[in-house]
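Worksheet: one structure, shown below.
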Amino acid sequence: MATLSETLPGLKAMACLAVALLMHPVASEGQVAVGADPNPVATPSDPGMPYVYTNWKHLTVAEGLPNDHVFAVKATDSKVWIGTENGLACYDKKTQQIQSWQEEEGLPWRVVSALEIDPSTGDLWIGLFGGGLARFSGGHFEHWNQLNSGLVNDVVYGVAIENGNVWAATTAGASRYNTETGQWTIFNEKNAPMEEIWNYGVSTGNGKVYLGVWGSGVLEYDLATEQWKDYLDPDGEMEIDLYRDDGIVHVITTGTSSADGILWVSTYFGMSRYDGRNWRGYYAHETGLPSDFGNAVKGRSANEAWYATDRGVGVVTDFATDTWVTYTQDPATHGGKAVVKRGSEVVAEISLDRCLPHNYTLCVDFNGNDAWVGTSKGLAWAVGDDYYVGLKKTAKESK
């Protein structure tokens, strides 16, 4: 029987299983393949080389996850929270153990599709695919759904938090819950410019809330003015870009992420970057994107963003020079490859004996120098040994 992730490609959260508290050690580290150069040297005419992750670890069912289909990940200094098709898991960085919760342990619904942590309280907010919204605090779960709250729909794709407000992106619009007053507000086609109401993702930043809406592009809610602004593809729903960088590349939007004043956007037909004035579109045939089919995006800064696609991860490592690193797995050998590109030009290829556990990627998060990537076959942990921002020339090049 096909899994939900196979029958509903691109959905970042789905369905089934049950287990108890599990405790297991993590897997061994990934190594650079013999003969590969983990720090390839750029030519003197090049601006330098980006950091390439060569040390990868995997967390799967074998290490204690309740399910290998990972739809959400949230990393902190001490823990990594993991939402799967069959429960919630938490990896403790200090003990290197995994604990998991299913419905038997109080999780209100088995399919975890979104995770976010309230920075003011440390509470974990959980989006449930078909089960509504939950909060995990002090070892206990609290649950909201259509029947007991103002949540507009129980299919929750994304969760974001700003100023004590919890936003939930659902298939029938977005809901906002004020944790101090208990007040709910619903946003849909009646009070927001939603041509469609299927909200695929939500993020916050720069005094704004950004909704990624299937068929309605990106909706921006200004927290100060309480006004909406929509960003649509000027070319309509066409799968080609008639005019370059004239707006968001497509209205079938799957994710938004704000970082340092920059909005990064993923769609099913390419990716976008917006600085408040200018749009930049990205496509696989001219960048390091492994595919135009984007499931999610996570911005790290104004110059770096990770795009999770159905064929691997494409990372904009330096916006100004259009430098990319593509991470993929070789299904035949289960090894991996990192390809450095400047635009469409291949600068370097690095063979890895471990990279992603699968090329179908669904979510990304960062903590410190490390990156975490959820896939349909487990969680990938990219260890950022000696990580650096942007590009770097070797001493030899600088002479």
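Per this note's numbering, the sequence shown starts with residue 7, numbered consecutively. For glycine and all other residues, C-beta sits at the position ideal for the given N, C-alpha and C.
What residues are listed by DSSP as bridge partners for residue i?
i, result
"K235", "E226"
"V117", "None, per the DSSP bridge assignment."
"V58", "V58 is not bridged to any residue."
"Y280", "L269, W285"
"Y183", "V172, W190"
"N373", "D376"
"C361", "Per DSSP, none; premise fails for C361."
So, under 8 Å CB-CB, residue i and residue j are touching, yes? Tell me the CB distance rounded to an integer number of Å.
i, j, result
"V161", "V224", "Contact flag wrong, Cβ pair sits at about 20 Å."
"I104", "E69", "6 Å"
"A174", "L139", "5 Å"
"V165", "T176", "The pair is not a contact, with the Cβ atoms about 10 Å apart (cut-off 8 Å)."
"W115", "V172", "That belief does not hold up - the Cβ atoms of W115 and V172 are roughly 17 Å apart, past 8 Å."
"G207", "V255", "The pair is not a contact, with the Cβ atoms about 16 Å apart (cut-off 8 Å)."
"G380", "V76", "3 Å"
"L385", "V79", "6 Å"
"G106", "P72", "Going by the sequence as given, residue 106 is Ser instead of Gly. Correct: roughly 4 Å between the Cβ atoms."
"L229", "E186", "The Cβ separation is near 15 Å, so there is no contact."
"V303", "G261", "5 Å"
For residue i, which three-state DSSP category applies?
i, result
"E310", "coil"
"P44", "A caution first: P44 carries a pLDDT of 43, below 50, which makes its placement in the model unreliable, though a value can still be read off. Coil, per DSSP."
"V67", "helix"
"H340", "coil"
"H291", "helix"
"E109", "helix"
"S147", "Inspection of the sequence shows that residue 147 is occupied by Phe rather than by Ser. DSSP places F147 in strand when its eight states are reduced to three."
"T127", "coil"
"G164", "strand"
"Q335", "strand"
"V395", "coil"
"W204", "coil"
"K99", "coil"
Under 8 Å, Cβ to Cβ, is there at least one residue of chain E near residue i?
i, result
"E351", "Here chain E cannot be found, since the structure has a single protein chain."
Tell me the rounded alpha-carbon separation between residue i and residue j.
i, j, result
"T329", "T367", "21 Å"
"W285", "S264", "14 Å"
"V352", "P199", "41 Å"
"W312", "R279", "12 Å"
"F421", "W87", "Given that the chain is displayed from residue 7 to residue 405, the structure contains no residue 421 and the question cannot be resolved."
"V215", "A338", "42 Å"
"W234", "S84", "37 Å"
"Y333", "N154", "43 Å"
"S357", "V346", "12 Å"
"G390", "E91", "28 Å"
"G213", "E109", "36 Å"
"Q152", "L94", "22 Å"
"G294", "L238", "24 Å"
"L134", "H149", "10 Å"
"A290", "P296", "6 Å"
"R283", "K99", "41 Å"
"I203", "K398", "44 Å"
"N205", "L121", "16 Å"
"D336", "K343", "7 Å"
"E355", "W190", "51 Å"
"V322", "S209", "19 Å"
Should residue i be listed as close to the ligand SAH, given that the test is whether its C-beta is under 7 Å from any heavy atom?
i, result
"L65", "Absence of the ligand SAH from the depicted structure is noted, as is the absence of any ligand whatsoever, leaving it without description."
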